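Contents: one structure, followed by commentary.
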Amino acid sequence: MRTILRIVMVCLSMVCLPVVCLLVPAGATLAQEKPAAPAPENPLSTWNKKAYGHVKDILVRSAQKMPEENYSFKPTDTVRSYGQIIGHVADAQYLFCSMALGEKNPALDIEHTKTSKADLIAALNAGFAYCDKAYDGMTDASAVQTIKLFGNDAPRLSALTVNNMHNLEHYGNLVTYMRLKNIVPPSSEAPPQAQPQPKK
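Letter by letter, the sequence shown follows residues 497 to 696 of our numbering.
Structure follows, in structure tokens:
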């Protein structure tokens, strides 16, 4: 009986081993021949634009959430008021995006000329509309063109990247002000629930 088992085992190894040896390289060849997924077009500028869209959304919602009476609120006398931060962010859209577009900064000085909630929200939206052109028109090819950024040579994309960083920096300020007024910041809100579809 043991002899029969040994014979069967030897036969199986003699049959299976060559089959395995043939299948493994064939599988590796098939895996190599599978075409690679095409790289997304303009991955750098597309990602930067997506980040901008998210930050723009939470900044606009922050401007809308704070009641009008709190637009003059500042935790201490040495910092900007809530409304001044909104105006400063609006001004910054023109500063950074004019660099990316190769245009002259309109320098509207919104921070020091607008005070009402309605005027500041309108100015913020206008600033973002101006910046949208810069993000929409950026490609990875134009992203590496050299521009002047605060007197230094820099790739064109850097102006938009710094704009995103600056927007997030001041969103952090707004979050602190909102928390002091017991307002939940947009980035901490629960995502909206999907509305059930009515039955037909």
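From the three backbone atoms N, C-alpha and C, an ideal C-beta is built for every residue, glycine too. Remember, predicted model here, so these are calculated numbers, not experimental data.
Collapsed DSSP secondary structure at L604 in the structure displayed: L604: coil per DSSP, three-state reduction.
Which of helix, strand or coil does DSSP assign to N648? N648 falls in the strand class under three-state DSSP.
Just to confirm the assignment, what range does the alpha helix (DSSP H) spanning R557 have? Residues P539 to K561.
Closest Cα partner of C593 within the set N663, M562, N669 and S612: For the residues N663, M562, N669 and S612, the minimum Cα distance to C593 belongs to N663.
Is H550 a contact residue of the ligand FMN, with contact defined as CB to any heavy atom under 7 Å? Judged by which ligands are present, the structure shown has none, so any question about the ligand FMN falls away.
Supposed close pair I606, A637 - CB separation, criterion 8 Å: Incorrect: roughly 33 Å between the Cβ atoms, too far for contact.
Less than 8 Å between the beta carbons of A619 and K629, yes or no? Not a contact, by the Cβ cut-off of 8 Å.
Could you spell out the range, first to last residue, of the alpha helix (DSSP H) harbouring V585? Element bounds for V585: Y578 to L597.
Below 7 Å CB to CB, which residues in the same chain sit around I617 once its five sequence neighbours on both sides are set aside? The residues A559 and Q560, in chain order, have a CB closer than 7 Å to that of I617 in the same chain once the five nearest residues on each side in sequence are set aside.
On a Cα-Cα basis, can you pick out the residue from C627, A532, S612 and L604 that is closest to G598? When the alpha-carbon of G598 is set against those of C627, A532, S612 and L604, the nearest one is in C627.
Neighbourhood of N669 by C-beta distance below 6 Å, restricted to the same chain and skipping five residues each side: Excluding positions up to five away in sequence, the list reads I581.
In its own chain, which residues sit with a C-beta less than 6 Å from the C-beta of D649, not counting the 5 before and 5 after it? Closer than 6 Å at the Cβ level, and outside the excluded window around D649, lie T642.
For I617, which three-state DSSP category applies? I617 falls in the helix class under three-state DSSP.
Return no unless some Cβ of chain D is closer than 8 Å to the Cβ of V585. Among the chains in the structure shown there is no chain D, since it carries only a single protein chain.
Measuring CA to CA, which of A686, T657, P681 and V680 is closest to L540? If we check each option's Cα against that of L540, T657 comes out closest.
Going by the DSSP bridge assignment, what does I643 pair with across the sheet? I643 is bridged to A650.
If you draw a straight line from the C-alpha of M595 to the C-alpha of I554, how long is it? In a straight line, the C-alpha of M595 is about 24 Å away from that of I554.
Can you find the residues in the same chain that come closer than 8 Å, C-beta to C-beta, to L645, ignoring five residues on each side of it along the sequence? M595, S654, A655 and V658, listed in sequence order.
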